[in-house]
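Below you'll find the structure, written out as structure tokens, and then a few comments.
Number of protein chains: 2
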Amino acid sequence: MRMASLRTDSRELQLLLSLSLILCIICFISGCDSSESNNTIFTIDSLRDSLEKQEDFIVFCLIERARFPHNSPAYSSSSGGRRVMSSSSLAELFVRETEAIQAKFGRYQNPEELPFFPHDHTPIQAAAEAPPPFKFPQFLDPAASSVNVSRDIWNIYFGDLLQLITTDGDDGNYQQAAASDLVCLQALSKRIHYGRFVAEVKFRDSPSTYIPAIHAKDSETLTELVTSKAVEETVIERVKKKAEVFGQTVTVDTGGVSGVAMDVNATNTYKVDPSVASKLYAEWVIPLTKQVEVDYLLHRLD
Amino acid sequence: MRMASLRTDSRELQLLLSLSLILCIICFISGCDSSESNNTIFTIDSLRDSLEKQEDFIVFCLIERARFPHNSPAYSSSSGGRRVMSSSSLAELFVRETEAIQAKFGRYQNPEELPFFPHDHTPIQAAAEAPPPFKFPQFLDPAASSVNVSRDIWNIYFGDLLQLITTDGDDGNYQQAAASDLVCLQALSKRIHYGRFVAEVKFRDSPSTYIPAIHAKDSETLTELVTSKAVEETVIERVKKKAEVFGQTVTVDTGGVSGVAMDVNATNTYKVDPSVASKLYAEWVIPLTKQVEVDYLLHRLD
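So the sequence lines, in the order shown, correspond to chains D and P.
So that you can map any letter, position 65 of the first sequence is 65 in UniProt numbering, and since no number is skipped, the others follow by simple counting.
So that you can map any letter, position 183 of the second sequence is 183 in UniProt numbering, and since no number is skipped, the others follow by simple counting.
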């Protein structure tokens, strides 16, 4: 009886060891950290859900920046010029110094966040009251995760977008305007660099779909593989609608659904032109996100 | 002919001088800066318009903070405890350092902004590329303008409001949560301290209404004088509606007005409970604004 039991235990042990070995091999192939099941953290649905919520925040940011006029003295060098973004402008100096403080307080411990300028990212863990570091899941492939289009985002924001969401004028609130700029930039950067997570999920779901094009360094095929025209059109349409809803004037005594003013034809009553929100996504956010996805995949097997 | 012309010039000069003297006396009595007509800058209508726009921003801020869970490690001292806001917590240290940067970049040159912590407010005008200082209108009475309820706002925000707009949990985004806290605090502070501008306009419009109660230091009468129950009820109702509109989930394929989901009965679908937004105004924002108005008036004739 005892011998039989020992034999059973031994067979179960062998089975368990074999299963563990198989699991380890699967984890090694898929590149995941064997200490945690990162595959369960991000799925294409959870990422789409997050991206949809980030849309709300991006529209809010645009509306918030639009509270102030352009305030060109915050952006120009002494040579002036509305479209000149001087590297020694108040706005850029403010962004640099604020990012440094945010880095010190741990912002970039979260792999979803990327700074616009390099900083010493050592957070303040040495301080007596600093909370213990949070264990963010390391889901991305280390080699590919350094993909970065921050410079493009910066140039589009200050070169194009800012002029489309603000009126001409100067109300002296330069710091407030620059703080709103930073919030917009960070929201756009997080959204666009989420392409790394989307690409990783897509790759893990079906590596064989992407591996030949990655080996051939075929950006065009990879762009086709990560493109879904139907999803893109839905996103662009939804962002426009969000700008209409969140940018409307809400009054108590207006008619309509639940007393909400909702005249979709009166574009000039919105705080940010809804067509600017859709243009932002159609021309910049979606193409840059796809560029991030493709660049990430190109480095996925490095 | 020439003599007659000189006499006429002399009479015109006398008339001009007399008119200037009268204007100076009027300006001195009303306490305005003679170099600009500050009376035309702020009116009760322009202030109401600004306060209404600030409501939108406050609701946005609440929704933005609600993206993150409570993240209690950002607030507690090492002794822990959810409702403990430690002065050496990550959140407070972050607010102090960020405010110092914002002060340096000129935030508090605008009399509408008040810091939560004292800073060296000397802005960076010495820097070669800093824009020339903006001439903000000095509309407030200098003695009364120092009225301040920042400590109350701080305690209400961290002691009550934060728990009402966040879910329990810890996602590690401590800096991001603290940055959202600061934006909420600043929006509430600006809104509540706008009571100083409202009180100044009311006083200038009808000094004789307030002077007896100011001389008698009669806070109760002053509170009655600055109270309009009908306006307060409209504001509370409107803020609730804004939380419904801005906190809803917008989809492309949902029915309703312009494809916007708008189920006012399904409270749990809003990003921030609309009743929390109305409670914020009914219990805290409106009473504190009136307190600021009364405190301001009590010092208006110092």
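All C-beta atoms in this analysis are idealised placements derived from N, C-alpha and C, irrespective of residue type, glycine included.
Could you spell out where the alpha helix (DSSP H) holding N71(D) opens and where it closes? Locating residue 71(D) in the first sequence gives position 71, counting from the first residue. That residue, N71(D), is in no alpha helix (DSSP H); it is neither H nor E in DSSP.
Going by C-alpha to C-alpha distance, which of L280(D), E113(D) and A213(D) sits closest to Y174(P)? In the second sequence, residue 174(P) corresponds to position 174, counting from 1. The shortest C-alpha separation from Y174(P) is found at E113(D).
Check whether E244(P) and Y270(P) have beta carbons under 8 Å apart: Your numbering for residue 244(P) matches position 244 in the second sequence. Your numbering for residue 270(P) matches position 270 in the second sequence. Yes, the pair counts as a contact, with Cβ atoms nearer than the cut-off.
Does the beta carbon of H193(P) fall short of 7 Å from some heavy atom of the ligand SAH? No copy of the ligand SAH occurs in the structure displayed, which carries no ligand at all.
Distance cutoff 8 Å, beta carbons only. Does T166(P) sit that close to anything in chain D? Residue mapping note: residue 166(P) aligns to position 166 of the second sequence, counting from 1. No, T166(P) does not count as interfacial toward chain D.
For L301(D), does the three-state DSSP call read helix, strand or coil? Taking the first sequence and counting its residues from 1, one reaches residue 301(D) at position 301. Note: L301(D) maps to coil in three-state DSSP.
Looking at C-beta atoms only, is the number of pairs between the stretch 197-217 of chain D and the stretch 129-140 of chain P that lie closer than 8 Å three or more? no
List, from N- to C-terminal side, the alpha helix (DSSP H) runs of 4 residues or more that fit wholly inside the stretch 185-232 of chain D. 195-205, 207-215 and 219-226
Under 9 Å (Cβ pairs) to chain P, residues found in the stretch 160-184 of chain D: D170, D171, G172, N173, Y174, Q175, Q176, A178, A179 and V183
In this structure, does DSSP put N155(D) in helix, strand or coil? Taking the first sequence and counting its residues from 1, the one referred to as residue 155(D) is at position 155. Of the three classes helix, strand and coil, the one that applies to N155(D) here is helix, per DSSP.
Taking 8 Å as the CB-CB cut-off, is V252(D) touching chain P? Within the first sequence, numbered from 1, the residue matching residue 252(D) stands at position 252. Closer than 8 Å: yes.
Can you find a CB in chain D that lies within less than 8 Å of the CB of T43(P)? Taking the first residue of the second sequence as 1, we reach residue 43(P) at position 43. Judged by the 8 Å Cβ criterion, T43(P) is not in contact with chain D.
Short Cβ contact (8 Å threshold) for V276(D) with I192(D): By 1-based counting over the first sequence, the position of residue 276(D) is 276. By 1-based counting over the first sequence, the position of residue 192(D) is 192. Cβ atoms of V276(D) and I192(D): not closer than 8 Å.
What's the call for V183(D), buried or exposed, on a 16-neighbour Cβ count within 10 Å? In the first sequence, residue 183(D) corresponds to position 183, counting from 1. Per the 10 Å Cβ criterion, buried.
T166(D) by DSSP, collapsed to three states: which one? Taking the first residue of the first sequence as 1, we reach residue 166(D) at position 166. Correct three-state label for T166(D): coil.
With DSSP collapsed to three states, give me the class of S79(D). Looking up residue 79(D) in the first sequence gives position 79. Interpretation of S79(D) is limited by its pLDDT of 44, a score under 50 that renders its predicted location unreliable; the figure taken from the coordinates is listed afterwards. Three-state result, S79(D): coil.
Would you mind sorting S46(P) into buried or exposed? The rule is 16 or more other CB atoms within 10 Å of its CB. Mapped onto the second sequence, residue 46(P) falls at position 46. Result: exposed.
Interface flag, L225(D) vs chain P, CB-CB below 8 Å: Residue numbering aside, residue 225(D) sits at position 225 when the first sequence is read from its first letter. No, because no Cβ of chain P sits closer than 8 Å to the Cβ of L225(D).
DSSP state of Y270(P) mapped onto helix, strand, coil: Stepping through the second sequence from its first residue, residue 270(P) is reached at position 270. Y270(P) falls in the coil class under three-state DSSP.
Counting only beta-carbon atoms, is R96(P) nearer than 8 Å to chain D? For the purposes of this step, residue 96(P) is taken as the residue at position 96 of the second sequence. R96(P) does not count as touching chain D.
Could one say the Cβ of R285(P) lies closer than 8 Å to chain D's Cβ atoms, at least one of them? Working through the second sequence from its first residue, we reach residue 285(P) at position 285. Per the sequence shown, the amino acid found at residue 285(P) is Val instead of Arg. Not one chain D Cβ lies under 8 Å of V285(P).
Any Cβ of chain P within less than 8 Å of the Cβ of Q138(D)? If you number the first sequence from 1, residue 138(D) lands on position 138. Answer no: the Cβ-Cβ gap between Q138(D) and chain P never drops below 8 Å.
Between Y281(P), Y108(P), I58(P) and D295(P), which has its C-alpha nearest S219(P)'s C-alpha? Residue 219(P) sits at position 219 when you count from the first residue of the second sequence. The option with the nearest alpha carbon to S219(P) is D295(P).
On the CB-based measure, 16 or more other CB atoms within 10 Å of its CB, does S278(P) come out buried or exposed? Taking the first residue of the second sequence as position 1, residue 278(P) is located at position 278. S278(P) is buried by the Cβ-count criterion.
Are there 16 or more other CB atoms within 10 angstroms of the CB of I63(P), so buried, or fewer, so exposed? Walking along the second sequence from the start, residue 63(P) turns up at place 63. Its Cβ being crowded by 16 or more others within 10 Å, I63(P) is buried.
Are there 16 or more other CB atoms within 10 angstroms of the CB of G255(D), so buried, or fewer, so exposed? As a first step, residue 255(D) is located in the first sequence; it is residue number 255 there, counting from the start. Caution applies to G255(D), whose pLDDT of 47 falls short of 50 and renders its modelled position unreliable; the model cannot decide the point.
Quick check on H70(P): buried or exposed, where buried means 16 or more other Cβ atoms within 10 Å of its Cβ? Taking the first residue of the second sequence as 1, we reach residue 70(P) at position 70. Buried: at least 16 other Cβ atoms inside 10 Å.
Strictly below 7 Å CB to CB, what residues from chain D border P131(P)? Within the second sequence, the letter at position 131 stands for residue 131(P). Here the neighbours are P73, A74, L90 and Y174.
Below 8 Å between beta carbons is the criterion; list the residues of the stretch 40-69 of chain D that meet it against any residue of chain P, in chain order. K53, D56, F57, F60, I63, E64 and R67
Between S150(D) and P115(D), what straight-line distance do the alpha-carbon atoms span, to the nearest angstrom? Counting from 1 along the first sequence, the entry for residue 150(D) is found at position 150. Counting from 1 along the first sequence, the entry for residue 115(D) is found at position 115. So the two alpha carbons sit approximately 8 Å from each other.
Going by Cα to Cα distance, which pick from P111(P), R67(P), R65(P) and D171(P) is closest to A144(P)? Reading the second sequence from its first residue, position 144 is the one you call residue 144(P). Selected option, being the one with the closest Cα: P111(P).
Which chain D residues are close to T234(P), counting only those with a beta carbon under 7 Å from its beta carbon? As a working note, residue 234(P) is residue 234 in the second sequence. By Cβ distance, chain D contributes V252.
For chain P, find out if any of its Cβ atoms is closer than 8 Å to the Cβ of F116(D); answer yes or no. Walking along the first sequence from the start, residue 116(D) turns up at place 116. Closer than 8 Å: no.
Distance, G195(P) Cα to T289(P) Cα: The residue given as residue 289(P) occupies position 289 in the second sequence. The residue given as residue 195(P) occupies position 195 in the second sequence. Straight-line Cα distance between these residues: approximately 5 Å.
Would S189(D) pass as a contact of F68(D) if the rule is Cβ separation under 8 Å? Taking the first residue of the first sequence as 1, we reach residue 189(D) at position 189. Taking the first residue of the first sequence as 1, we reach residue 68(D) at position 68. Cβ atoms of S189(D) and F68(D): not closer than 8 Å.
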